[in-house]
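Asker: Just so you know, we're using our numbering here: the sequence shown kicks off at 36 and counts up by one.
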Amino acid sequence: MANGLDDVVAAETVLSDIDGESGQLVLRGHGLDELAGRTRYAEALALLLDGLLEGLPAAAELGPALGRARAEVYLRLRGQVDSLADQPLFDGVRAMMATLPDGHGLQSALSLIAAPAVLVPALLRRRGGGNPVAPAPELDHAADILRMLDGAEPEPVRAAALDRYLVTVIDHGLNASTFAARVVASTGAGLTSAVLAALGALKGPLHGGAPGPVLEMLDAIGEAGKAEAWIAAELAAGRRLPGFGHRVYRVRDPRADALNAAIEQLRDAGAAAGGRLALAASVERAALAALARHKPDRPLLTNVEFYTALLLEALGFPRDGFTAVFAMGRCAGWIGHSREQALHGRLLRPRSRYIGPRPQQAA
Ligand code: ACO
36 MANGLDDVVA AETVLSDIDG ESGQLVLRGH GLDELAGRTR YAEALALLLD
86 GLLEGLPAAA ELGPALGRAR AEVYLRLRGQ VDSLADQPLF DGVRAMMATL
136 PDGHGLQSAL SLIAAPAVLV PALLRRRGGG NPVAPAPELD HAADILRMLD
186 GAEPEPVRAA ALDRYLVTVI DHGLNASTFA ARVVASTGAG LTSAVLAALG
236 ALKGPLHGGA PGPVLEMLDA IGEAGKAEAW IAAELAAGRR LPGFGHRVYR
286 VRDPRADALN AAIEQLRDAG AAAGGRLALA ASVERAALAA LARHKPDRPL
336 LTNVEFYTAL LLEALGFPRD GFTAVFAMGR CAGWIGHSRE QALHGRLLRP
386 RSRYIGPRPQ QAA
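(1) Mind checking which residues open and close the alpha helix (DSSP H) that includes ASP52?
(2) Return the chain-ordered ranges of every beta strand (DSSP E) run that is complete within the stretch 249-331 and spans a minimum of 3 residues.
(3) Relative to the ligand ACO, is the shortest distance from any of its heavy atoms to the C-beta of GLU319 smaller than 7 angstroms?
(4) Cβ-heavy atom distance between GLU78 and the ligand ACO below 7 angstroms?
(5) Taking the alpha carbon of PHE361 as the point to measure from, which residue in MET36, THR222, PRO151, SER317 has its own alpha carbon closest?
(6) How long is the line joining the alpha carbons of ALA313 and GLU340, rounded to whole angstroms?
(7) GLY55 and ARG287: beta carbons closer than 8 angstroms?
(8) Pick helix, strand or coil for VAL230, following the three-state DSSP scheme.
(9) Would you call the CB atoms of VAL128 and LEU159 closer than 8 angstroms?
(10) In angstroms, rounded to a whole number, what distance separates the CA positions of ARG353 and GLN395?
(11) Just to confirm before moving on: does the CB-CB distance between ALA262 and ALA316 stay below 8 angstroms?
(12) Residues in the same chain with beta-carbon distance under 6 angstroms from SER146, minus the five sequence neighbours each way, listed in chain order, please.
(13) Could you give the first and the last residue of the continuous alpha helix (DSSP H) run that contains VAL128?
(14) Quick check on the DSSP output: the beta strand (DSSP E) that includes GLN59 runs from which residue to which?
(15) Our contact map puts ALA293 next to THR203 with C-beta atoms below 8 angstroms; I'd like the distance itself, whole angstroms only.
(16) Can you give the Cα-Cα distance for GLU96 and ASP198, rounded to whole angstroms?
(17) Could you check if THR222 is buried or exposed, using at least 16 other CB atoms within 10 Å of its CB as the buried criterion?
(18) To which residues of the same chain is THR358 closer than 8 angstroms at the C-beta, ignoring the five residues directly before and after it?
(19) DSSP three-state call for HIS176: helix, strand or coil?
(20) Are the beta-carbon atoms of VAL219 and ALA229 separated by less than 8 angstroms?
(21) Quick check: is any heavy atom of the ligand ACO less than 7 angstroms from the C-beta of ARG333?
(22) Given that a residue counts as buried once 16 or more other Cβ atoms are within 10 Å of its Cβ, and exposed if not, what is MET131?
(23) For ASP179, collect the residues of the same chain with a Cβ closer than 6 angstroms to its Cβ; drop the 5 residues on either side in sequence, then sort them by chain order.
(24) Relative to the C-alpha of VAL49, which residue among GLY39, LEU83, GLN142, PRO191 is closest?
(25) With a threshold of 16 other CB atoms inside 10 Å of the CB of MET183, please say whether the residue is buried or exposed.
(26) Could you tell me if HIS207 is buried or exposed, where buried requires 16 or more neighbouring beta carbons within 10 angstroms of its beta carbon?
(27) GLY66 by DSSP, collapsed to three states: which one?
(28) If the criterion is Cβ atoms closer than 8 angstroms, does the pair ALA177 and LEU101 meet it?
(29) Considering only the alpha carbon of each residue, which of LEU141, ASP175, ASP355, PRO289 lies closest to PRO240?
(30) From ARG374 to ALA233, what does the alpha carbon distance come to, in whole angstroms?
(31) In whole angstroms, what is the alpha-carbon distance linking PRO121 and ARG388?
(32) Once the 5 residues before and after ALA306 are set aside, which same chain residues still bring their CB inside 7 angstroms of it?
(33) Does the distance from the C-beta atom of HIS372 to that of THR213 stay below 8 angstroms?
(34) Roughly how many whole angstroms lie between the Cα atoms of ALA397 and ARG384?
(35) In the structure shown, what three-state DSSP assignment does THR48 receive?
(36) Helix, strand or coil: which one does DSSP assign to THR337?
Written out as structure tokens, the structure is:
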């Protein structure tokens, strides 16, 4: 038995590939560095989902189609925002997404991709005592998300940073949430069911729930000079450092650098606090040195969540919203894998090894 299914191949995919030894992420034939910061999210969607959804528009038309989907989702779900605004944000988003039709086609896919983009800003504004802002379908996806959040069109550097984030996390091999989506899709259930399973898996702190705790760690450390001692105490107590380590990567997660580039652009434009970033850089250095001493045989390096935390904080998302923002980008990957499983896979049905007692044989 492979505990944790390490290295078990459970699906074939054309969507993405991770080389954990060289730190390469390939998305439909393109390296992450070719796409992040160069390709709009809607274009990345067109690339990722090509051939998997009947009627998928070409890249140039997918942005407007996604805009229309944002408007439709807002009209459909706006009435639920008030009653869910007191729930934890992720749970509120998940509850509303559960009410979307459980289809298999393009319309379901676009609604599910649009939903977190519309619902996170709506719930956050409601929670802050304001009114949700309706989507502007003609705007670029990332720019509209920030507009719905802030109530004003964002500076281009902020929209570009969020766009780069959404592209960077769009898909990532057979991670826990994607596997959950594929299991559900393999039964013939619709895309909403598959995405809900994925959302449940994403929520956990070992997967998409880590970026909030990254900021808690930075707050607890407070100043660079205290990083080493704080980290040593955490490791001595047997706790894990959020934002470090990965099941597949044995080198630095390439997504960390893709996101760091956006953070540096924000800092240079005066849109990210330099002090916070300097503290984060010191904490990262201290953590990497401490983890190398702590587990000399197991490379534990910076993962995507460390820079996700810094980027989303600079963009003005509250830390309890980070996992739902991750879902805004990753929903596309879940849908791509679900469609691939439905089109080309079989029912996923592994076996367990029974280690409990057997009934007594009659003498
Ligand atoms: N800090 C301290 N120790 C760690 C860390 C860490 N961040 N990560 C792993 N280790 C230790 C483990 O305690 C374990 O030690 P042990 O053998 O003495 O028990 C050893 O390294 C090997 O760890 P595994 O549990 O085998 O690693 P696994 O592949 O299961 O875990 C994971 C990967 C979950 C990402 C892990 O590194 C972790 O918990 N990191 C912190 C949480 C985090 O950042 N999650 C986000 C991941 S990125 C994403 O999913 C979007």
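Using N, Cα and C, we set each Cβ at its ideal position, and we do this for glycine too.
Answerer: With the given structure in hand:
(1) Per DSSP, ASP52 is not a residue of any alpha helix (DSSP H); the beta strand (DSSP E) it occupies stretches across 51-54.
(2) none
(3) For GLU319, the shortest C-beta to heavy atom distance toward the ligand ACO is 7 angstroms or greater.
(4) False, no ligand heavy atom lies under 7 angstroms from that Cβ.
(5) PRO151
(6) 17 angstroms
(7) no
(8) DSSP, reduced to helix, strand and coil, places VAL230 within a helical segment of the structure shown.
(9) Cβ distance not < 8 angstroms, so VAL128 and LEU159 don't count as in contact.
(10) Checking the sequence shown, residue 353 turns out to be Pro, not Arg. Those two C-alpha atoms are separated by around 57 angstroms.
(11) no
(12) ALA104, VAL108, LEU135
(13) 124-132
(14) 59-62
(15) 5 angstroms
(16) 17 angstroms
(17) exposed
(18) PHE125, LEU237, LYS238, GLY243, GLY244, PRO246, GLY247
(19) If DSSP states are grouped into helix, strand and coil, HIS176 belongs with the helices.
(20) Yes; because the gap between Cβ atoms is below 8 angstroms, this pair is in contact.
(21) Relative to the non-hydrogen atoms of the ligand ACO, the Cβ of ARG333 comes within a distance shorter than 7 angstroms of at least one.
(22) buried
(23) Setting aside the 5 residues that flank it on each side, ASP179 is surrounded in the same chain by PRO170, ALA171, each with a C-beta closer than 6 angstroms to its C-beta; the list follows chain order.
(24) LEU83
(25) buried
(26) buried
(27) The answer is strand: DSSP assigns GLY66 an E or B state.
(28) Taking 8 angstroms as the Cβ cut-off, ALA177 and LEU101 do not qualify as a contacting pair.
(29) ASP355
(30) When rounded, the distance between both Cα atoms is 14 angstroms.
(31) Inspection of the sequence shows that residue 121 is occupied by Asp rather than by Pro. When rounded, the distance between both Cα atoms is 43 angstroms.
(32) GLU190, VAL192, ARG193, ALA349
(33) The Cβ atoms of HIS372 and THR213 sit closer than 8 angstroms to each other.
(34) 33 angstroms
(35) coil
(36) strand
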